[in-house]
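Inspection log for the structure reproduced underneath, given as structure tokens.
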Amino acid sequence: MKAVVVRYPGPPDVLEWADVDTPRPGPGEVVIEIRASGVNNADLLQRQGLYPVPPDDSPLLGLECSGTISALGSEVDGWAVGDEVCALLNGGGYAQAVAVPSTQLLAKPAELSFEEAASLPEAACTVYSNIGMLARLQPGETFLVHGGTSGIGSLAIQWAKALGAHVLTTAGTPHKVAQAVALGADAAINYREEDFAAAVSKATNGRGADVILDIVGAPYLARNIRSLAPDGRIVMIGGDVSSTVLGIGELMAKRGSVAATTLRSRSLGQKAAIVDAVRSDLWPMVADGRIRPVVGNIVPMDEAPRAHQLLAEGNVVGKVVMTV
Numbered sequence: 000m001k002a003v004v005v006r007y008p009g010p011p012d013v014l015e016w017a018d019v020d021t022p023r024p025g026p027g028e029v030v031i032e033i034r035a036s037g038v039n040n041a042d043l044l045q046r047q048g049l050y051p052v053p054p055d056d057s058p059l060l061g062l063e064c065s066g067t068i069s070a071l072g073s074e075v076d077g078w079a080v081g082d083e084v085c086a087l088l089n090g091g092g093y094a095q096a097v098a099v100p101s102t103q104l105l106a107k108p109a110e111l112s113f114e115e116a117a118s119l120p121e122a123a124c125t126v127y128s129n130i131g132m133l134a135r136l137q138p139g140e141t142f143l144v145h146g147g148t149s150g151i152g153s154l155a156i157q158w159a160k161a162l163g164a165h166v167l168t169t170a171g172t173p174h175k176v177a178q179a180v181a182l183g184a185d186a187a188i189n190y191r192e193e194d195f196a197a198a199v200s201k202a203t204n205g206r207g208a209d210v211i212l213d214i215v216g217a218p219y220l221a222r223n224i225r226s227l228a229p230d231g232r233i234v235m236i237g238g239d240v241s242s243t244v245l246g247i248g249e250l251m252a253k254r255g256s257v258a259a260t261t262l263r264s265r266s267l268g269q270k271a272a273i274v275d276a277v278r279s280d281l282w283p284m285v286a287d288g289r290i291r292p293v294v295g296n297i298v299p300m301d302e303a304p305r306a307h308q309l310l311a312e313g314n315v316v317g318k319v320v321m322t323v
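Under numbering that gives the first Met the number 0, the first residue of the sequence shown carries the number 0, and numbering increases by one thereafter.
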């Protein structure tokens with residue numbers, strides 16, 4: 000089969016559409032004939048040699064896909080050849096086929112195209128595991144998500160709003176501010192024009208946000224703590240991971256907490272539990288239209304360098320998706 004391979008760490012043009020071995024399903028696995036795959040920032044980091052692949056995972060890029068089950072391994076229940084699915088992957092999504100644990104499958108909603116379905120698993124599992132399961136965002140609480148028009152941000156806005164939270168977000172251009180509001184944000188802050196911590200304070204009458212989902216990292220930590228409500232929770236999931244000063248006194252005064260997580264390095268059991276929770280609590284919101292996929296660009300998979308360049312430029316609203 001064909002797949003996108005990284006010839007050596009470097010810029011987008013190191014990606015090559017080449018022949019690789021066709022996967023076979025192991026016990027508890029299925030093989031998906033891929034129709035579309037999402038492109039994520041983790042893929043860009045892996046291409047540059049900055050995101051080590053966990054042991055036993057596929058060295059190929061790609062953490063989510065949609066398609067049709069073409070083969071079943073032993074010990075697989077509840078799925079059949081021909082089922083249309085999307086999946087959270089451990090790697091290998093930039094290809095014509097991929098083997099994946101059946102516990103990481105989600106049924107493709109009939110209302111969605113394969114391109115739309117491929118844009119959801121990574122963002123849905125990231126958002127729900129961090130904001131639903133870890134931070135336990137509640138109806139009526141105030142939620143701040145940075146990067147509101149990113150793949151993560153666009154889904155986080157919609158899920159939090161459907162939950163009944165008051166949603167604030169940041170974005171970098173007037174167009175993205177408008178897009179974030181169109182997705183359901185109660186207020187969107189242009190971080191290039193105003194200090195987001197001051198804007199959050201103003202929007203909440205000085206109380207702050209109960210939950211903050213941060214994709215920026217170290218440069219935002221101090222302002223995130225300043226933006227936090229009493230008993231608030233910050234969850235950091237990416238961005239600049241360099242060392243920074245943690246304002247422990249201010250955090251203690253607010254009885255706040257800071258957590259930092261990744262999804263790819265979790266165990267298969269943890270991923271299965273997250274996918275199961277997404278299936279139960281978030282997937283119905285996709286089926287009834289409360290959450291809709293936001294696909295900004297669709298690119299053929301054999302043009303993967305262009306897909307990576309589009310994401311790196313930062314102008315896409317929603318996800319970049321590649322098709323086979």
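Glycine residues also receive a C-beta, built at the ideal position from the N, C-alpha and C atoms.
Where N40 is concerned, the enclosing alpha helix (DSSP H) starts and stops at 40-46. For H165, DSSP records a beta bridge to T141. Considering only S200, H174, V274, R34, the residue with the shortest C-alpha distance to S226 is S200. Between the C-alpha atoms of D209 and G231 there is a straight-line separation of about 4 Å. The alpha carbon of Y93 has as its nearest neighbour, out of G207, A2, V215, the alpha carbon of A2. One thing to note: V30 has its Cβ within 7 Å of the Cβ of P22.
Taken in chain order, the unbroken stretches of beta strand (DSSP E) that lie wholly in the segment 221-264 and span 3 residues or more are 227-235, 256-259. If you draw a 10 Å sphere on the C-beta of A117, you find 16 or more other C-beta atoms in it, and that means buried. Judged by DSSP secondary structure, P304 falls within the alpha helix (DSSP H) whose first and last residues are 303-312. Looking at the backbone, the Cα of V323 and that of W282 are separated by about 25 Å. When the beta-carbon positions are compared, I214 and G146 come within less than 7 Å of each other.
Within the same chain, and ignoring the five residues on either side of R135 in sequence, no residue has its Cβ closer than 6 Å to its Cβ.
No Cβ-Cβ contact shorter than 7 Å links F195 with T172. A Cβ-Cβ separation of about 5 Å places V277 in contact with A123 under the 8 Å criterion. Annotation for E121: the continuous alpha helix (DSSP H) segment containing it runs 120-126. With contacts defined as CB atoms closer than 7 Å, V5 and Q178 fail to qualify as a contacting pair. Straight-line measurement puts the Cα of L262 at about 24 Å from the Cα of P10. Here the alpha carbons of V180 and E302 stand approximately 32 Å from one another. Residue burial is scored here from C-beta neighbours: N204 has fewer than 16 other C-beta atoms within 10 angstroms and is therefore classed as exposed.
The continuous stretches of beta strand (DSSP E) do not include D275, which lies in the alpha helix (DSSP H) extending over residues 267-276.
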